[in-house]
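Be aware that the sequence shown starts at 248, since it is given in this note's numbering, and climbs by one per residue.
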Amino acid sequence: MEVLSVVWVAEAESHGGDPVVRMLDQRRLPGKVEFVNLGSATEVSDAIRSMVVRGAPAIGIAGAYGLALEAVHVERGADGLRPDTLDAAYQELLNARPTAVNL
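As structure tokens, this is what we get:
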């Protein structure tokens with residue numbers, strides 16, 4: 248059985264058809280296989296910080312997807328977001344794992 252640790256879901260029912268980043272919650276392994284759906288850069292940043300996702304490649308992919316989520320929100324004009332919110336999201340994701348440099 249193949250299990251991907253980080254996946255982009257373009258239309259998630261759990262988020263009203265909006266995109267999400269679906270992560271294997273690695274804190275639950277090996278006893279359980281559970282996934283979390285994250286709908287914003289802040290949620291992705293929190294997941295990185297709390298070690299939901301582990302390993303440099305997966306953390307890098309999660310960060311990129313988190314920024315992409317924010318770009319979708321900006322494009323759709325959600326909650327009055329402006330393009331400068333991408334800069335803030337980038338900084339938040341960058342600082343989520345200060346020990347994981349050069350990702």
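Where is the CB? At the ideal position from N, CA and C, for every residue including glycine.
How is the alpha helix (DSSP H) around residue 269 delimited, first residue to last?
Counting along the chain, residue 269 falls outside any alpha helix (DSSP H), though it belongs to the beta strand (DSSP E) covering 267–271.
Specify the secondary structure class of residue 280 as computed by DSSP and reduced to three states.
coil
On the DSSP letters alone, give me the boundaries of the beta strand (DSSP E) that residue 254 sits inside.
253–256
Please return the same chain residues whose Cβ sits closer than 8 angstroms to the Cβ of residue 312, not counting the five positions on each side in sequence.
253, 255, 268 and 291
For the putative contact between residue 298 and residue 274, defined by C-beta atoms under 8 angstroms, what is the C-beta separation to the nearest angstrom?
6 angstroms
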